[in-house]
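Engineer: Numbering (my numbering), first residue to last: 806 to 1124.
Dropping the structure in here first, questions after.
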Ligand code: GLU
């Protein structure tokens, strides 16, 4: 896959995307269960493209760390698959779009504790639990993985080191409002689909959601998905595992708007309620865009519009 011949050079194109899509008036919302997200200025907007040949192009606030939230689910799944026994995991979680909100309880009970996919909260709790059977501090493992793949030496401390870090204050704020995620975890436990205590699975899950990263680092860290499983330090996953994560992103990565996103952007994506969206252009690049205000389905308003524009101008699509 290549860019269309008449596409403008990437650097100026990203600058243009920032000029066009940086929000000029407050719109959309931030999630009520994560109070600190409402303190981020609404007009923050960053975008970065990491190419499979090793270049990173970025513009706007691409160097400002933001809360990756559900984008972490992609990396937790990659680690869980890497850790062996993927078939055991796939008996505990399906690979179908849910057609409901990402934190729905109703579907989980009706479907006897087997979550529809790894990117809704119930599914992510199961994947975290799977990872916790290998390492009890699954969140630290996810942080280390992201740090390595982003090419940074060590996880940061949150003191402005510029490398990925867990925002412990944000995690504590969310944990204090985690009744719904705890309810999901207890349902899973009741159906025999959770090995570790519900409370510690939710804590690990919330801490990995609270990882802070920049658009540039996140795009770089995801490159293994655009490179047939090859990460910055060698193979992360097999080619078929990387392809399958891309497939799940395409069908389940954008909450209950995966169809609309596939229509508008035409690429596998995963969004988070921190306003980030990560997109994979197989064989070409990864894209990370961040703008904090969300639409009714929980996806970044300006981020989605920017990706649709960028992919239209470059011709990037899996179709
Ligand atoms: N930590 C958030 C929650 O569980 C993540 C939601 C998201 O980004 O989709 O509500």
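Note that CB positions come from ideal geometry on N, CA and C, so glycine has one too.
Looking only at DSSP bridge pairs, what is residue 1082 linked to?
Structural biologist: Within the chain shown, numbered from 1, the residue matching residue 1082 stands at position 277. 1076 and 1094.
Engineer: Taking Cβ positions, are residue 1113 and residue 1086 nearer each other than 7 Å?
Structural biologist: Start at 1 with the first residue of the chain shown, and residue 1113 comes out as number 308. Start at 1 with the first residue of the chain shown, and residue 1086 comes out as number 281. Not a contact, by the Cβ cut-off of 7 Å.
Engineer: Which stretch, first to last residue, makes up the beta strand (DSSP E) that contains residue 929?
Structural biologist: As a working note, residue 929 is residue 124 in the chain shown. From DSSP, residue 929 is part of no beta strand (DSSP E) but of the alpha helix (DSSP H) over 926–937.
Engineer: Given this structure, state the Cα-to-Cα distance separating residue 837 from residue 1025, to the nearest angstrom.
Structural biologist: Along the chain shown, one-based indexing puts residue 837 at 32. Along the chain shown, one-based indexing puts residue 1025 at 220. Taking C-alpha positions only, residue 837 is separated from residue 1025 by approximately 30 Å.
Engineer: Excluding the five sequence neighbours on either side, which residues of its own chain have a C-beta within less than 8 Å of the C-beta of residue 827, listed in chain order?
Structural biologist: By 1-based counting over the chain shown, the position of residue 827 is 22. Once the five neighbours on either side are set aside, the close Cβ partners of residue 827 are 848, 850, 865, 1096 and 1107.
Engineer: Going by the DSSP bridge assignment, what does residue 971 pair with across the sheet?
Structural biologist: By one-based count along the chain shown, residue 971 stands at place 166. Answer by DSSP bridge pairing, in chain order: 1016.
Engineer: Pull up the distance between the alpha-carbon of residue 884 and that of residue 834, whole angstroms please.
Structural biologist: Counting from one through the chain shown, the residue named residue 884 turns up at place 79. Counting from one through the chain shown, the residue named residue 834 turns up at place 29. Cα to Cα, the separation comes out at about 31 Å.
Engineer: If you measure from the CB of residue 1077, is any heavy atom of ligand 1 nearer than 6 Å?
Structural biologist: Here the question's residue 1077 lines up with position 272 in the chain shown. True, at least one ligand heavy atom lies under 6 Å from that Cβ.
Engineer: Taking the Cβ atom as the reference point for each residue, do residue 1083 and residue 1093 lie within a distance shorter than 7 Å?
Structural biologist: One-based indexing of the chain shown puts residue 1083 at position 278. One-based indexing of the chain shown puts residue 1093 at position 288. Yes, Cβ-Cβ distance for residue 1083 and residue 1093 is below 7 Å.
Engineer: Cα-Cα, which of 1039, 1115, 832 and 1050 is closest to residue 956?
Structural biologist: Residue mapping note: residue 956 aligns to position 151 of the chain shown, counting from 1. Measuring from the Cα of residue 956, the nearest candidate turns out to be 1039.
Engineer: Could you give the distance in angstroms between the alpha-carbon of residue 806 and the alpha-carbon of residue 1027?
Structural biologist: For the purposes of this step, residue 806 is taken as residue 1 along the chain shown, with counting starting at 1. For the purposes of this step, residue 1027 is taken as residue 222 along the chain shown, with counting starting at 1. Residue placement at residue 806 is poorly supported in this model, since its pLDDT is 45, which falls under 50; the coordinates still yield a value, given next. Each residue's alpha carbon lies about 18 Å from the other.
Engineer: Between the C-alpha atoms of residue 936 and residue 1001, what's the straight-line distance to the nearest angstrom?
Structural biologist: Walking along the chain shown from the start, residue 936 turns up at place 131. Walking along the chain shown from the start, residue 1001 turns up at place 196. Spanning the two alpha carbons is a distance of roughly 10 Å.
Engineer: Can you have a look at residue 979 and say buried or exposed, based on whether 16 or more other CB atoms are within 10 angstroms of its CB?
Structural biologist: Start at 1 with the first residue of the chain shown, and residue 979 comes out as number 174. With 16 or more Cβ atoms within 10 Å of its Cβ, residue 979 is classed as buried.
Engineer: Rounding to the nearest angstrom, what Cα-Cα distance links residue 825 and residue 1059 in this structure?
Structural biologist: If you number the chain shown from 1, residue 825 lands on position 20. If you number the chain shown from 1, residue 1059 lands on position 254. Straight-line Cα distance between these residues: approximately 23 Å.
Engineer: May I ask whether a heavy atom of ligand 1 can be found less than 6 Å away from the beta carbon of residue 880?
Structural biologist: Counting from one through the chain shown, the residue named residue 880 turns up at place 75. Set against 6 Å, the gap from the CB of residue 880 to the closest heavy atom of ligand 1 is not smaller.
Engineer: When the Cα atoms are used, what is the spatial distance from residue 902 to residue 924?
Structural biologist: Translated into positions along the chain shown, residue 902 becomes position 97. Translated into positions along the chain shown, residue 924 becomes position 119. Each residue's alpha carbon lies about 9 Å from the other.
Engineer: What is the rounded straight-line gap between the Cα of residue 1068 and the Cα of residue 1056?
Structural biologist: Counted from its first residue, the chain shown places residue 1068 at position 263. Counted from its first residue, the chain shown places residue 1056 at position 251. Looking at the two C-alpha atoms, the distance is approximately 11 Å.
Engineer: Quick one: give me the first and last residue of the beta strand (DSSP E) that residue 1052 is part of.
Structural biologist: Along the chain shown, read from residue 1 onward, the residue named residue 1052 stands at position 247. Premise fails: residue 1052 lies in the alpha helix (DSSP H), 1044–1057, not in any beta strand (DSSP E).
Engineer: So residue 843 and residue 953 are in contact, right, with Cβ under 8 Å, and what is the actual spacing, rounded?
Structural biologist: Within the chain shown, residue 843 is the residue found at index 38, counting from 1. Within the chain shown, residue 953 is the residue found at index 148, counting from 1. Not quite, the Cβ-Cβ distance comes to about 32 Å (not below 8 Å), so this is no contact.
Engineer: Residue 1013: beta carbon under 6 Å from a heavy atom of ligand 1?
Structural biologist: One-based indexing of the chain shown puts residue 1013 at position 208. No, ligand 1 has no heavy atom inside 6 Å of this Cβ.
Engineer: Mind checking which residues open and close the alpha helix (DSSP H) that includes residue 822?
Structural biologist: Translated into positions along the chain shown, residue 822 becomes position 17. Note, residue 822: alpha helix (DSSP H), 815–826.
Engineer: Have a look at residue 810 and residue 1019 and give me their C-alpha separation to the nearest angstrom.
Structural biologist: As a first step, residue 810 must be located in the chain shown, where it is residue number 5. As a first step, residue 1019 must be located in the chain shown, where it is residue number 214. Any reading at residue 810 is ruled out, since the residue's pLDDT is 46, under 50, leaving its predicted position unreliable.
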